[in-house]
Amino acid sequence: MSSPARTAGRRGPRPDDHVIVLFGATGDLAKRKLLPGLYHLARAGLLPSRYRVIGSAPAADALGTEQFREQAREAVAEFGRTKPEGPVWQEFESALSFGAADPGAYGPLLTAVREAEEAVGNSPRRLFHLAVPPKAFPSVVQELGSTGLAEGGRLIVEKPFGTDLPSARALDETIHAVFDESRIFRIDHFLGKESVDNILALRFANGLFEPVWNRDHISHVQIDVPEQLTIEGRAGFFEGTGTFRDMIVTHPFQILAFIAMEPPAALTADSLRTEKDKVFQALRPLDPACTVRGQYEGYRSEPGVDRHSDTETFTALRVELDNWRWAGVPFFLRSGKALAQGRHVVTLGFREPPLRMFPLAAQDTAGGRHDELVIDFADPGRITARFLAKEPGPDMRLGEAEMVFAYTDCFNTAHALEGYERLILDAMLGDQSLFTSSHGIERLWEASAPLLENPPPVEPYARDSWGPESIRRLIQPYRWYLPESR
């Protein structure tokens, strides 16, 4: 079902009245992102006129309503952008309650939902956010179906969406037995960043770029998502997942789709997701020979990690698309843990024109990087065009130059939404534009099968580096772009 086109304007549409249930409300994600994000939406006037937020967790971790409100206050104070104070906080705090839920014992949650709906009135919409480990998804979804809570409600599902094609299909079958696809929101906070929407604006709202956005003018594309963080005590999750399943499928591949898609018929969910799915259909099966898997030094000494673990903490790979626009253009994707810097950067390298009109000496002086368009997703985001220009003076000497668009220089970003905030708002509005479809995620796992079945061995790399040395060979004749590694 198509969602309405996005409403223009500074504030945008306001959702219908809602009861929001946060499963895993005592966990780290709820504390760092979800509760502070909901409060920021309240301060921005973007929550419904009437709403309630119900925290839920197994009985062993359950809180009373007052305890949950205190936890929310502490979370907002520590991780929020604004302090929990004043009338807006008092209204938000009064909208919080808690209902425990165990398989076969959803009584407390059912009571909490009924009381919340009575308080809101007029049959509010229900939104369920599964901030729980993936292994808990099936039981929660089945209980939502058997108790009737799922009726008419929407579901937010956290990544990873399976670990291969069979598990992704099994997860989809479980969820689709209770929720139809129009009510499922597979969330990736990375896609909620302003810079993702700005890719669409940059390409399709400007005649300057779209005519050269193809194989005739672009030589290669890089998508970099390095992280400084280690696995930080998450061995139980990471050992069974690794960087490719945790990051590459959910972040860089999704950005690749926005970079490579054809112009959508309209800025509606159906049109955008259709064009993204076409990109995934054009994706060539991943070649293990064009992949580098790395493991940071000391990973096997992390608590809970197998001393002989072959789990990768770093992945770099070359992928290609079989379609008219991008045939022959390599896309280089890279992500990993314990790297030199945390970045979210897309770099488009443009083909160089013949430079015979310039003296060789002039060309040699410009031996660095040029003819690139760099999209930096670091909040609030920036776009840099790199090119060659003549240096001042009597000789024809070429030097690198830049033109920069920065959100902070051009717009008031005081009320900009972070990724989770934007996507939770979209889920309440029923807008699936920035959420992955079941067809898209299953196609990605299908294309990944050769790599998952025959992965190359992991290569060690030093912490605070940019990964194994072999990544330089992977990208030749090009070079990796990051601000600190030029």
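Here the sequence shown is numbered in the numbering used here, starting from 1 and rising by one per residue.
Cβ atoms here follow ideal geometry from the backbone N, Cα and C, with glycine treated the same way.
Predicted model, so just to flag it, every value in this text is computed and none were measured.
According to the DSSP assignment, MET428 belongs to the alpha helix (DSSP H) that extends over 419-429. Excluding residues up to 5 positions away in sequence, VAL19, VAL21, ILE54, GLY99, ARG126, LEU149 lie with their Cβ nearer than 8 Å to the Cβ of VAL113 in the same chain. Residues of the same chain with a CB within less than 7 Å of the CB of SER139, apart from the 5 flanking positions on each side, are PRO103 in chain order. Rounded to whole angstroms, the separation of the alpha carbons of PHE237 and ASP287 is 26 Å. Taking the Cα of PRO457 as reference, the smallest distance to any Cα among TRP324, GLY294, LEU373 is reached at GLY294. Three or more beta-carbon pairs drawn from the region 415-427 and the region 178-193 are found closer than 8 Å, and the two stretches are therefore classed as touching. If you check the CB distance, ARG186 and THR436 come in under 7 Å.
Counting only runs of 3+ residues, the beta strand (DSSP E) found wholly inside the region 27-88 occupies 51-56, in chain order.
Taking a C-beta distance under 7 Å as the contact criterion, GLU442 and ALA168 qualify as a contact pair. Residue pairing of GLY328 in beta bridges, as defined by DSSP: absent, with no partner found. Under the DSSP definition of a beta bridge, LYS390 partners with LEU398.
Judged by their CB atoms, ASP164 and LEU339 are not nearer to each other than the 7 Å cut-off. With a contact defined as Cβ atoms closer than 8 Å, VAL346 and LEU474 miss out at about 18 Å. DSSP places SER448 inside the alpha helix (DSSP H), whose first and last residues are 438-453. Where VAL196 is concerned, the enclosing alpha helix (DSSP H) starts and stops at 194-204. In the DSSP assignment, PRO108 falls within the alpha helix (DSSP H) that extends over 107-120.
If you look at GLU232, you'll find it isn't in any beta strand (DSSP E); DSSP assigns it neither H nor E.
Separation of LEU229 and ASP464 (C-alpha to C-alpha, rounded to the nearest whole angstrom) is 10 Å.
Sixteen is the threshold: when 16 or more other Cβ atoms of the shown chains lie within 10 Å of the Cβ of GLN71, as they do, the residue is buried.
Boundaries of the beta strand (DSSP E) around LEU130: 125-130. The alpha carbon of TYR407 has as its nearest neighbour, out of GLU118, VAL329, ARG273, ALA378, the alpha carbon of ALA378. Short of 7 Å from the beta carbon of THR147, and not among the five residues preceding or following it, lie these beta carbons of its own chain, in chain order: TYR106, LEU110.
Close CB contacts of ARG472 within its chain, under the 6 Å cut and outside five residues either way in sequence, are absent. For GLU158, DSSP records a beta bridge to ILE187. Between ALA427 and ARG154, the C-beta spacing is below 7 Å.
Here PHE405 has ARG382, ILE383 as same chain residues with Cβ atoms under 7 Å from its own Cβ, once five neighbours each way along the sequence are excluded. Counted as a single uninterrupted DSSP element, the beta strand (DSSP E) harbouring ARG293 occupies residues 291-296. Ranked by Cα distance from ILE184, the options GLU469, SER448, PRO468, LEU423 are led by LEU423. Secondary structure at VAL212: helix, using DSSP grouped into helix, strand and coil. SER335 sits close to VAL225, with the two beta carbons spaced by under 7 Å. Nearest to GLU181 by alpha-carbon distance, out of HIS439, PRO468, PRO455, is HIS439. Around GLY121, the same chain offers ASP17, ARG50 as residues with beta carbons nearer than 8 Å, after the five sequence neighbours per side are excluded. Take the alpha-carbon of ILE255 and the one of VAL279: they are about 11 Å apart.
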